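Asks: All residue numbers for the sequence shown refer to our numbering, where the first residue is 10 and numbers rise by one.
Glycine is no exception: its CB is placed at the ideal position from the N, C-alpha and C atoms.
Computed from a prediction, not measured in an experiment: that's the story for all the values here.
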Amino acid sequence: MRAAGRGYGGMTARQFVREAQGGLDLREFYSEFFSRLHALQQDYRLLVTMAEQAAWDALPASRPGPLRGLPFSVKDNICTQGIQSTAGSRILEGYIPPFDATAVARTKHAGGILVGKTQMDEFGFGTFSTNSGYGVPKNPLDPSRSCGGSSGGAAGLVRALDLPHVAMAESTGGSISCPAAFCGVVGLTPTYGLVSRWGLIDYANSLDKIGVLARSVDDCALLLEQMEGFDTKDSTSLKRARTKDYRQELDLRKVKIGLPKEYFQGVDAGIARTVQGAVDALEREGAKVQEVSLPHTKYALAAYYVIATAEASTNLAKYCGMRYGQTLPLEGKFNEFFSRVRTRYFGDEAKRRIILGTFARMAGYRDQLYLKAFQARTLVIRDFERAFKQVDVLAAPTMPLLAPKFSEIASLTPVEHYQMDILTVAPNLAGIPQLSLPCGELQGLPVGLHLLADHLNESALLGVGRAWERLTRPVEEG
Ligand code: GLN
């Protein structure tokens, strides 16, 4: 039964699942859900593919598990059986995987219902979702602005859809946190290796992580509990018992929060003030706050773009018109054929990154660029190791700017575009978990508070996140 006197909109994912287990009419719910989804798609273009028929087909078999009947969307670079998976690239148009990624399979097994594939920058290459081959998703808070990227469609959908739903997304260098901040939703990027990458269309294998965008910390925890855990199909997946309990709120009096001073430099002054205000509120609740330094932050952006493009350029080699997605008539020598397919179907940013990454890996430049970037990455990791000897979590702004207008993005050079990732790339180089939480508004636009923790300390992040939510917007949970 639907909760008395309240629509689905006010329900947390856990409440919805409980009602679904108790016999809620899922057909009625999904009629409402898809009529809403069609309307949103018209207005904001948040999906590459809608999976309406697949959802209806899955309903009768929806398992009575911990996600029973819960709608979930999947970023389009995560493979879904029988549903087109393009990673936002025209070169993969028409590619229908014959399998589910492990994270998707686990979510379905727990009873989740796949509702669609969300918009993204091509292969994850971008910060504003403007590099998609399938149209640009618009921010539901102001359609003249970006949702952020590269998981822009996922965050926009969470924001726009006033119905229970969780979004499975992916981050390489900030693609969950950035759109979470721009759309005013919660974004959880877990520790590298916690969620299997099997079935993810790789951007940069040493950085990619599957995570969650949702309306609350608890909604994120609910999906993570199902997705995480060792997978024999991913050699980088961590061997660890499955399903930790992520439901504890932390007693803030026992929490030490570090403010990395480098993360407040060059940030919009209003954003820095808003984030500082949030940290002050946590301090008033008893958290101990101290300044810390991450002195190698200044090398993180360059190291990230060398490593990420080097890995991306090798990953993209397989898209040549022979195996997946688009092709052209077989004419000329094989390399001419490959070049024609790639020239035609890769977007400009993918081409730029193939060139950058190939250059960085070339004999002669490898020592100067690729190996240097690895050294810088080690220094960045050591900064975090030192910081987490002093504090439990780090707190910083998620992004240095508010969700920009498309007209502003159009005037950025590629390097200026990359510079927008300045606050998110270092934690991703280190593979540590991150949680972006809405912490206020400026000019009617949301500001993101970025919490970082040591490897596998998701429970500290979520515990502080829950405490923050209780202070700001009490969420009824079950
Ligand atoms: N904006 C970053 C990039 O373009 C991060 C993208 C991502 O995390 N997929 O590489």
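CB-CB under 6 Å to Ile273, same chain, minus the five flanking residues each way: which ones, in chain order?
Replies: The displayed chain sequence assigns Phe, not Ile, to residue 273. If we look at Phe273 and ignore the five residues flanking it on each side, its Cβ neighbours are Ala281.
Asks: Let me check one thing: in DSSP terms, what residues is Thr127 bridge-paired to?
Replies: Per DSSP, Leu56, Lys84.
Asks: Under DSSP, the beta strand (DSSP E) around Met177 begins and ends at which residues?
Replies: Run containing Met177: 175-180, per the beta strand (DSSP E) assignment.
Asks: Give the residues whose C-beta lies closer than 6 Å to at least one heavy atom of the ligand GLN, in chain order.
Replies: The set, ordered by position in the chain, is Gly133, Phe134, Gly135, Thr136, Ser159, Ser180, Thr181, Gly182, Gly183, Ser184, Tyr212, Ala317, Asp430.
Asks: With three or more C-beta pairs closer than 8 Å as the rule, is the stretch 209-219 touching the stretch 176-189?
Replies: The stretch 176-189 vs the stretch 209-219: in contact.
Asks: Which residues in the same chain as Gly182 place their Cβ atom closer than 7 Å to its Cβ, once the five residues preceding and following it in sequence are excluded?
Replies: These residues qualify, in order along the chain: Leu216, Tyr313, Ala317, Asp430, Thr433, Val434, Asn437.
Asks: Would you call Ala469 buried or exposed, if buried means 16 or more other Cβ atoms sit within 10 Å of its Cβ?
Replies: With 16 or more other Cβ atoms within 10 Å, it is buried.
Asks: Is the separation between the beta-carbon of Gln128 and that of Gly97 shorter than 8 Å?
Replies: Closer than 8 Å, so yes.
Asks: Taking the alpha-carbon of Ile441 as reference, which of Gly453, Leu410, Met408, Leu403 has the nearest alpha-carbon?
Replies: Considering only alpha carbons, the answer is Leu403.
Asks: Of the choices Ser155, Gln93, Tyr308, whose alpha-carbon is the least far from that of Ala382?
Replies: Measuring from the Cα of Ala382, the nearest candidate turns out to be Tyr308.
Asks: How would you label Pro149, buried or exposed, when you count the other beta carbons within 10 angstroms and need 16 or more for buried?
Replies: Under this definition Pro149 is a buried residue.
Asks: So the alpha helix (DSSP H) Gly279 belongs to, where does it begin and stop?
Replies: Unbroken alpha helix (DSSP H) run through Gly279: 278-293.
Asks: Going by the CB atoms, is the gap between Leu203 and Ile185 shorter than 8 Å?
Replies: No. Outside cutoff.
Asks: What do you reckon, are the CB atoms on Gln428 and Leu310 nearer than 8 Å?
Replies: The answer is yes: Cβ separation under 8 Å.
Asks: Along the alpha helix (DSSP H) that carries Gly133, what are the first and last residues, could you check?
Replies: Where Gly133 is concerned, there is no enclosing alpha helix (DSSP H), given that its DSSP letter is neither H nor E.
Asks: Can you give the Cα-Cα distance for Lys147 and Leu325, rounded to whole angstroms?
Replies: Near 27 Å, if we compare the C-alpha coordinates of Leu325 and Lys147.
Asks: May I have the straight-line CA-CA distance separating Tyr374 from Leu388, to the nearest angstrom?
Replies: So the alpha carbons of these two residues sit roughly 21 Å apart.
Asks: Classify Asn140: buried if its beta carbon has 16 or more other beta carbons within 10 angstroms, exposed otherwise.
Replies: Label assigned to Asn140: buried.
Asks: Closest by CA to Leu6, which one among Tyr39, Leu170, Ser82?
Replies: Residue coverage of the chain in this structure runs from 10 to 487, which leaves residue 6 outside it and unanswerable.
Asks: I'd like the list of long-range same chain contacts for Phe108, defined as Cβ closer than 7 Å, with 5 residues on each side in sequence excluded.
Replies: Same-chain partners within the cutoff: Cys88, Gln90, Gly208.
Asks: Starting from the C-beta of Gln299, find all residues in its chain whose C-beta is less than 8 Å away, skip the five residues before and the five after it, and write them out in chain order.
Replies: Lys265, Ile266, Gly267, Leu268, Gln399, Val400.
Asks: So is Pro343 buried or exposed if we call it buried at 16+ other beta carbons inside 10 Å?
Replies: In the sequence as displayed, the identity of residue 343 is Phe instead of Pro. Exposed, because fewer than 16 other Cβ atoms sit within 10 Å of the Cβ of Phe343.
Asks: Write down the C-beta distance between Ser153 and Phe415 rounded to the nearest angstrom, noting that I regard them as a contact closer than 8 Å.
Replies: Confirmed, Cβ separation roughly 6 Å.
Asks: According to DSSP, simplified to helix, strand and coil, what is Gly474?
Replies: Helix.
Asks: Quick one: using the 10 Å Cβ neighbour count with 16 as the cut-off for buried, is Met236 buried or exposed?
Replies: Counting Cβ neighbours within 10 Å, Met236 comes out buried, since at least 16 surround it.
Asks: Check Gln399 in the structure and name its three-state DSSP category.
Replies: Residue state, collapsed to three classes: helix.
Asks: Examine the Cβ distances between the stretch 19-27 and the stretch 158-173 and report whether three or more of them are shorter than 8 Å.
Replies: The stretch 19-27 is in contact with the stretch 158-173.
Asks: What runs of the beta strand (DSSP E), each 3 residues or longer, lie entirely inside the stretch 413-480?
Replies: Taking only runs of at least 3 residues, the beta strand (DSSP E) segments lying wholly in the stretch 413-480 are 443-451, 454-462.
Asks: Using 8 Å as the threshold, is the stretch 456-466 in touch with the stretch 418-426, meaning 3 or more CB pairs across them?
Replies: Because the criterion of three Cβ pairs below 8 Å is not met, the stretch 456-466 and the stretch 418-426 do not touch.
Asks: Is the beta carbon of Ala64 less than 8 Å from the beta carbon of Val26?
Replies: No. Outside cutoff.
Asks: Spatial neighbours of Leu247 within its chain, please: C-beta separation below 8 Å, excluding the five flanking residues on both sides.
Replies: Once the five neighbours on either side are set aside, the close Cβ partners of Leu247 are Thr200, Gly202, Leu203, Phe239, Leu465.
Asks: Which partner residues does Arg154 have in the DSSP bridge list?
Replies: For Arg154, which the question treats as bridged, DSSP gives the partners Lys414.
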